[in-house]
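Structure record follows, encoded as structure tokens.
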Amino acid sequence: MFQDHAAAIGVPARAQSRAQSRNPSRGVIRQIIKGIAIMAGVAAATTAFAQGSAGAQAAGNGVYDLIVGTYTGGKSEGLYVYRFDSKTGDAQQVSVAKTVNPSYLVVSKDKRYVYAVNELPGDNGPATTRGDVSAFGFDAASGQLTFLDKVSAQGNDPCYLSLSPDGKYLFVANYSVAADPGGSFAVLPVEQDGKLGQSVLTVHHEGGGPVKGRQDNAHVHSTVFSPDGHYLFTQDLGTDKLWTYRYTPDGSRGLVSPAEWRYTGVKAGTGPRHLVFGNDGRHAYLTSELAGTVSVFNYEDGRLKLEQVETLAEPGFKGAVGAAALHLSPDGKFLYVSNRGDANDISIFAVDQTSGKLKRVGRQASLGKSPREFAIDPSGQWLIVGNQNSDTAYVFRRDQETGLLEANPKKIEIGSPVDFKFVTP
338 MFQDHAAAIG VPARAQSRAQ SRNPSRGVIR QIIKGIAIMA GVAAATTAFA
388 QGSAGAQAAG NGVYDLIVGT YTGGKSEGLY VYRFDSKTGD AQQVSVAKTV
438 NPSYLVVSKD KRYVYAVNEL PGDNGPATTR GDVSAFGFDA ASGQLTFLDK
488 VSAQGNDPCY LSLSPDGKYL FVANYSVAAD PGGSFAVLPV EQDGKLGQSV
538 LTVHHEGGGP VKGRQDNAHV HSTVFSPDGH YLFTQDLGTD KLWTYRYTPD
588 GSRGLVSPAE WRYTGVKAGT GPRHLVFGND GRHAYLTSEL AGTVSVFNYE
638 DGRLKLEQVE TLAEPGFKGA VGAAALHLSP DGKFLYVSNR GDANDISIFA
688 VDQTSGKLKR VGRQASLGKS PREFAIDPSG QWLIVGNQNS DTAYVFRRDQ
738 ETGLLEANPK KIEIGSPVDF KFVTP
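For what it's worth, our numbering labels the leading residue of the sequence shown as 338, then goes sequentially.
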């Protein structure tokens with residue numbers, strides 16, 4: 338059990354409908370361990386659009402499954418599975434599993450299970466409504482998702498998922514538009530049959546930041562493990578802090594406990610959102626949503642040291658910005674970062690293989706509104722980006738030598754696309 342932490346500063350709120358993101362909060366951080374989790378059963382219907390025998394044959398031919406998370410209520414019904422051909426960049430829909438607002442998803446290491454948030458209550462929903470996390474069985478050969486169970490996320494607006502290195506626990510970030518219950522993360526046990534157990538731990542952050550309407554309270558936006566699996570970083574857009582926890586599943590310090598230094602602070606009002614580690618494990622990269630920047634950190638034994646900050650928008654740009662996702666190319670040589678607001682593009686940076694620092698090499702329009710998430714296929718040849726507010730996704734051919742994205746991408750019509758995960762054979 339752990340008691341009070343220290344506080345922090347925050348960043349703006351998640352107003353611009355779900356296309357733009359969540360908000361941070363204020364300074365002090367209170368940790369509350371809860372053993373409560375509400376099981377809620379909701380049927381998820383899986384509709385097949387194609388047989389999987391062809392997909393199974395294609396497994397060794399550069400054909401992957403692509404699972405897409407969306408916001409429902411408009412043109413989307415839930416989670417979509419596509420068959421993606423890395424030779425051509427073509428994607429063919431295979432199935433859909435109906436579920437509410439699966440805006441972020443993660444695939445188990447053995448590729449047999451898929452977990453997706455049910456992001457509720459949303460910008461205008463009652464704060465008493467808690468979000469959920471749904472578990473699905475996944476048959477890669479047929480491309481079918483089968484609903485297993487659904488449990489409470491123990492907070493509002495769950496927006497990010499990560500599996501512990503040992504695969505025993507699923508960590509969920511609750512952004513929480515409402516001050517009560519505020520931003521938090523919960524820990525859900527993963528059972529042997531892929532189902533999720535009730536939350537064994539909920540950690541609430543308290544505090545806020547200087548940006549009114551976006552940082553009025555804590556907003557946990559992502560939960561990311563260090564390369565060695567010993568530390569958990571929780572990026573809080575509301576408190577302008579990257580909170581650091583030790584992960585000790587052997588029980589020597591409890592399952593999760595605050596690190597001695599507690600957090601890495603960032604500039605007030607910048608709103609940290611997503612964090613990824615470089616392929617060498619010695620560097621980390623952070624998007625700050627409110628500032629529209631990407632930062633480079635040196636990493637060693639749970640500690641992050643800021644080395645570089647790069648602005649995503651073009652020089653002289655006067656419109657709204659909203660840094661969102663960032664992903665490295667499979668070879669780790671290039672970093673891609675999406676910027677929403679009025680920019681709606683992807684910045685392309687070359688990564689110095691020694692220092693980890695970034696050098697801009699290009700910028701590509703997303704050809705739609707609010708490119709929240711994107712993914713690079715396992716072959717490294719394609720980048721697919723979803724325009725959440727335009728009901729489109731585009732598949733760009735990627736030059737693996739220069740990192741640039743070629744013109745004339747392939748278009749996919751899909752309602753409110755948000756997250757993309759490739760599943761290799």
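Each residue gets a CB set at the ideal place from its N, CA and C atoms; glycine is no exception.
Under 8 Å between C-beta atoms of residue i and residue j
i    : j    : result
Q737 : L695 : no
R709 : V658 : no
A687 : V674 : no
K487 : N455 : yes
P762 : A428 : no
A680 : F654 : yes
N554 : G606 : no
S753 : T407 : yes
E651 : T630 : no
A628 : G608 : yes
S632 : L649 : no
D469 : A490 : yes
K747 : V732 : yes
V537 : L592 : yes
F316 : L533 : Nothing in the structure corresponds to residue 316, since the chain is present only between 338 and 762.
I749 : R735 : no
A596 : Y568 : yes
V603 : L574 : no
V443 : I751 : no
R449 : G504 : no
T576 : H542 : yes
V524 : D494 : no
R599 : R590 : no
R610 : T624 : yes
A453 : S471 : yes
C496 : S445 : no
Expected contact under 8 Å - CB spacing of residue i and residue j to nearest Å
i    : j    : result
F421 : V451 : Not a contact, Cβ separation roughly 16 Å.
T310 : F473 : Only positions 338 to 762 of the chain appear in the structure, and residue 310 is not among them; the question remains open.
S727 : G705 : 3 Å
G566 : P502 : 3 Å
V509 : L500 : Not a contact, Cβ separation roughly 11 Å.
P518 : G492 : 6 Å
S594 : T585 : 7 Å
L485 : S559 : Contact flag wrong, Cβ pair sits at about 24 Å.
F522 : T571 : 6 Å
Q701 : S423 : So it is not a contact: roughly 19 Å between Cβ atoms.
G678 : L741 : Actually they do not touch by this definition, with Cβ atoms about 23 Å apart.
S703 : D682 : 6 Å
DSSP state of residue i mapped onto helix, strand, coil
i    : result
D503 : coil
T729 : strand
T453 : Looking at the sequence itself, residue 453 is Ala, so the reference to Thr does not match. In the structure shown, A453 sits in a strand (DSSP, three-state: E or B).
L498 : strand
D638 : coil
Y512 : coil
Q368 : Model confidence at Q368 stands at a pLDDT of 41, short of 50, so the residue's coordinates are unreliable and nothing is read from them.
I721 : strand
E770 : Because the chain is modelled from 338 through 762, residue 770 falls outside the range shown and cannot be assessed.
A472 : strand
I404 : strand
I749 : strand
Q737 : coil
T425 : coil
T601 : strand
S445 : coil
L627 : coil
A464 : coil
A477 : coil
R619 : coil
S716 : coil
A434 : strand
P762 : coil
P439 : coil
beta-carbon residue i near the ligand FAD non-hydrogen atom, thresh 7 Å
i    : result
S471 : Ligands are entirely absent from the displayed structure, and the ligand FAD is therefore not among its contents.
Any 3 or more C-beta pairs closer than 8 Å across the segment 427-436 and the segment 404-416: Three or more beta-carbon pairs separated by less than 8 Å link the segment 427-436 to the segment 404-416, which places the two stretches in contact.
Which runs of the beta strand (DSSP E) at least 3 residues long sit entirely within the segment 523-597? Give them in chain order. 538-541, 557-562, 568-573, 578-584
contact_flag[the segment 616-624, the segment 661-670] where n(CB pairs < 8 Å) is 3 or more: Judged by Cβ distances under 8 Å, the segment 616-624 makes contact with the segment 661-670, as three or more pairs qualify.
Note down, one range per segment and in chain order, each beta strand (DSSP E) of at least 3 residues found wholly within the segment 645-713. 660-665, 671-676, 682-688, 695-702, 708-713
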